[in-house]
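Just so we're aligned, residue 43 is where the sequence shown starts under my numbering, counting upward by one. These notes concern the structure reproduced below.
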Amino acid sequence: MEILITLLVSLGINLTMFIPAFIFKTDKLTDISYAVTFVVVALFGLLSGEISLLKILYVAAIGLWAIRLGSYLLIRIRKIGRDKRFDGKRDNFFWFLRFWVLQGITVWVVMIPGTYFLNGSVSKNLLWPILGIIVFVAGLLIETFADLQKYRFINNPENKGQWIDSGLWSISRHPNYLGEIMVWVGLYLFAAPSLVGNTIWVGLIGPGFIAYMIIFVSGIPILEKGADKMWGDNPRYQEYKNRAGMLLPKIF
């Protein structure tokens with residue numbers, strides 16, 4: 043039942059935000075609502091079950107992630123003014139509505155392990171929660187520094203028309219996405235000891251879904267295609283691709 047309720051909560055938030063976004067043709071609500079929905083769903087789960095220190099820590103971790111992501115995306119959208127994904131589509135009611143519905147479903151799917159964790163009993167096994175926090179913090183730091191490095195690079199006029207190959211981007215072409223995947227893997231590991239029966243396997247849908255979307259659907263493939271179109275004939279870019287891993291750094 044809690045899974046169905048969190049789906050309704052997630053959809054309710056996104057459908058509510060869809061209305062002003064469509065009326066005013068603004069892109070400033072899209073990414074903010076994405077981050078906020080995670081926090082609301084997590085808080086809803088926390089307040090719906092028995093509260094414990096580990097559950098509070100789990101929700102705090104999601105809140106920290108959401109604040110970082112939401113603030114970064116807000117700064118970015120205020121600077122560039124629009125999200126190119128919606129160019130030519132903001133007036134298409136059903137396309138725009140579909141996007142917001144899918145965003146609500148995405149949050150719900152990614153939060154499946156968290157929903158089970160927050161609505162169940164907490165295990166006394168602290169090994170996996172500690173490991174999960176380590177992976178989460180490492181992922182959050184990687185994602186934060188990668189976004190900061192790219193933001194500074196893009197806003198330097200001398201780098202116009204160039205690709206970033208410094209800092210974390212010198213060893214991975216998408217370190218921000220690597221960090222994002224690590225965040226959700228870490229949160230799953232944190233919750234895993236408290237997941238019982240089939241929920242420990244069902245919970246894998248959360249990090250598995252975000253990794254699948256990033257690697258195969260809406261993240262890396264789109265950026266790689268755009269980069270190849272712009273710099274595919276540039277020998278220096280080909281050398282960079284051979285040197286830096288797509289997601290994980292190349293060891294050999």
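The beta-carbon is built from N, C-alpha and C at its ideal position, and this holds for glycine as well. Predicted model, so just to flag it, every value in this text is computed and none were measured.
Practice prompt. Determine which residues share a DSSP beta bridge with S214 and list them.
Written response: In DSSP, S214 forms a bridge with G287.
Worksheet item: Would you say the beta carbon of K283 comes nearer than 8 angstroms to a heavy atom of the ligand FAD?
Response: Among the ligands in the structure shown, none appear at all, so the ligand FAD cannot be discussed.
Worksheet item: Would a C-beta distance cut-off of 9 angstroms place F178 and W273 closer than the cut-off?
Response: No, the Cβ-Cβ distance between F178 and W273 is not below 9 angstroms.
Worksheet item: Is the stretch 110-125 touching the stretch 62-72 in the sense that three or more CB pairs, one from each, lie closer than 8 angstroms?
Response: Enough Cβ pairs lie closer than 8 angstroms, so yes.
Worksheet item: Between the beta-carbon of I252 and the beta-carbon of V143, is there less than 9 angstroms?
Response: Cβ distance not < 9 angstroms, so I252 and V143 don't count as in contact.
Worksheet item: What's the C-alpha gap between A63 and N167?
Response: Rounded to the nearest angstrom, the two C-alpha atoms are 44 angstroms apart.
Worksheet item: From this set, G87, T79 and V82, which residue's C-alpha is nearest M43's C-alpha?
Response: Per the Cα distances, G87.
Worksheet item: So what does DSSP say about D275, is it helix, strand or coil?
Response: Under the three-state reduction of DSSP, D275 is assigned to coil, being neither helix nor strand.
Item to complete: Express the C-alpha separation of A234 and L57 in angstroms, rounding to a whole number.
Response: When rounded, the distance between both Cα atoms is 31 angstroms.
Worksheet item: Taking the alpha-carbon positions, what's the I196 to W211 distance?
Response: Rounded to the nearest angstrom, the two C-alpha atoms are 13 angstroms apart.
Discussion item. Tell me the rounded alpha-carbon separation between K202 and D129.
Written reply: In a straight line, the C-alpha of K202 is about 22 angstroms away from that of D129.
Worksheet item: For G228 versus I175, is the C-beta spacing smaller than 9 angstroms?
Response: Contact flag set, yes.
Discussion item. Report the CB separation of A225 from L182 in whole angstroms; it is logged as a contact under 8 angstroms.
Written reply: It should be pointed out that residue 225 corresponds to Val in this sequence rather than to Ala. Contact between V225 and L182 holds, since their C-beta atoms are separated by about 6 angstroms, short of 8 angstroms.
Discussion item. Just to confirm the assignment, what range does the alpha helix (DSSP H) spanning M59 have?
Written reply: Unbroken alpha helix (DSSP H) run through M59: E44 to I65.
Worksheet item: Going by beta carbon distance, what residues of the same chain come within less than 7 angstroms of V244, once the five residues before and after it are set aside?
Response: So the qualifying residues of the chain are I154.
Practice prompt. Indicate whether T241 and G162 have their beta-carbon atoms separated by less than 9 angstroms.
Written response: In contact: T241 and G162 (Cβ atoms closer than 9 angstroms).
Worksheet item: Using DSSP with H/G/I as helix, E/B as strand and the rest coil, what is L237?
Response: Coil, per DSSP.
Discussion item. Threshold first: 3 residues or longer. Then list the beta strand (DSSP E) segments lying entirely within the stretch 132-166, N to C.
Written reply: Within the stretch 132-166, no run of beta strand (DSSP E) at least 3 residues long lies entirely inside it.
Worksheet item: Between W137 and the rest of its own chain, which residues show a CB-CB distance below 6 angstroms, the 5 nearest in sequence each way excluded?
Response: Cβ neighbours of W137 beyond the five flanking positions: K131.
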